[in-house]
Amino acid sequence: MPTEIDRHEVQRLVEQGAQIVDVMPTGEYELSHLRGAVNVPLSHLPEKAQAELERGRPVITYCYDSL
Amino acid sequence: MSPRAAWRLETLGYRDVYDYVASKMDWLGAGLPFEGTLAAKARLGTLADPQVPTCRLEETVEGVAERLGSWELCLVVNDEGVVLGLVRAEALSMGGGQRVQDVMREAPKTFRPHVTAEEFAPQLDKSPRPWVLVTNLDGTLVGVARPEEIHAAAQREKEAGG
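From first to last, the protein sequence lines stand for chains A and B. 1096 is the number of the first residue of the first sequence in the working numbering; add one for each residue after it. -18 is the number of the first residue of the second sequence in the working numbering; add one for each residue after it.
1. Under 6 Å Cβ to Cβ from Met(-18)/B, same chain only, skipping five residues before and after it: list those, please.
2. With 16 as the cutoff for other CB atoms within 10 Å, does Ala1146/A come out buried or exposed?
3. Does any residue of chain B have a CB that is nearer than 8 Å to the CB of Arg1130/A?
4. For chain A, check one thing: does any of its Cβ atoms lie closer than 8 Å to the Cβ of Ala(-13)/B?
5. Near Arg48/B, what residues of its chain come up, given a Cβ to Cβ distance below 7 Å and the 5 sequence neighbours on each side ignored?
6. Locate the alpha helix (DSSP H) running through Leu73/B, then write down its first and last residues.
7. Taking the alpha-carbon of Ala133/B as reference, which of Arg110/B, Ala102/B, Lys5/B and Gly142/B has the nearest alpha-carbon?
8. What did DSSP end up calling Glu1104/A once you bin it into helix, strand or coil?
9. In terms of residue numbering, what span does the alpha helix (DSSP H) encompassing Leu9/B cover?
10. So, under 8 Å CB-CB, Tyr1159/A and Met6/B are touching, yes? Tell me the CB distance rounded to an integer number of Å.
11. May I have the straight-line CA-CA distance separating Gly1112/A from Lys107/B, to the nearest angstrom?
12. Met75/B: buried (16+ other C-beta within 10 angstroms of its C-beta) or exposed?
13. Residues in the stretch 9 to 23 of chain B with C-beta within 8 Å of chain D's C-beta atoms, listed in sequence order?
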């Protein structure tokens, strides 16, 4: 079960090597994204995750808002 | 979207998955660093002057008036830097041993630091204001931006091709 975290926890986990994943479409990712985030759009998640994410490191997902 | 993505990643075999539920809106609103084409644009956070005078509730108005300089206002903040209200220069000139909390007024609407000058300029046209109070999502002060500087930055970026 994914763990819900806040921005402070994001910063702590990133310092420890976590990967940040922006799940928005590429156009929105290119406008702005958290520093160091990779783009894995929800619509292409399986193949992009395979290409972009390391399985041995924690993964943090985010989108644009909480809706 | 991100909860779905987090759950999907788990089904794909990722075992240590977290979801930043407040998401990018929360991150940008907190004034934290970001990348992308918007990062290079003039934003309220970069245009805001952080040197705007500040004071505390319990200070005397005489003491605050001395450091106002050319500013026409002073923002009232707490120990955490959260904006509680403002005092105008004319209120500070009354003196009489009053404290800031006796003359403080409610601060105006605040805006977030990540909003670009181009986005904000039309709002200024619709609702003109003498200055723009910029705070992080938690209410901590970033600074005060001048409308003329916001308009000038928006114009420069428009001329540069947006």
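We treat Cβ as the ideally placed atom computed from N, Cα and C, and that holds for glycine.
Judging by the given coordinates:
1. Closer than 6 Å at Cβ, skipping near neighbours: no residue.
2. exposed
3. yes
4. When Cβ-Cβ separations below 8 Å define contact, Ala(-13)/B makes contact with chain A.
5. Pro34
6. It spans Ala70 to Leu73 - the alpha helix (DSSP H) in which Leu73/B sits, taken as one unbroken run.
7. Ala102/B
8. Note: Glu1104/A maps to helix in three-state DSSP.
9. Ser4 to Gly10
10. Tyr1159/A to Met6/B, Cβ: 6 Å. Contact.
11. A direct Cα-Cα distance of roughly 46 Å separates Gly1112/A from Lys107/B.
12. exposed
13. The structure shown contains no chain D; its protein chains are A and B.
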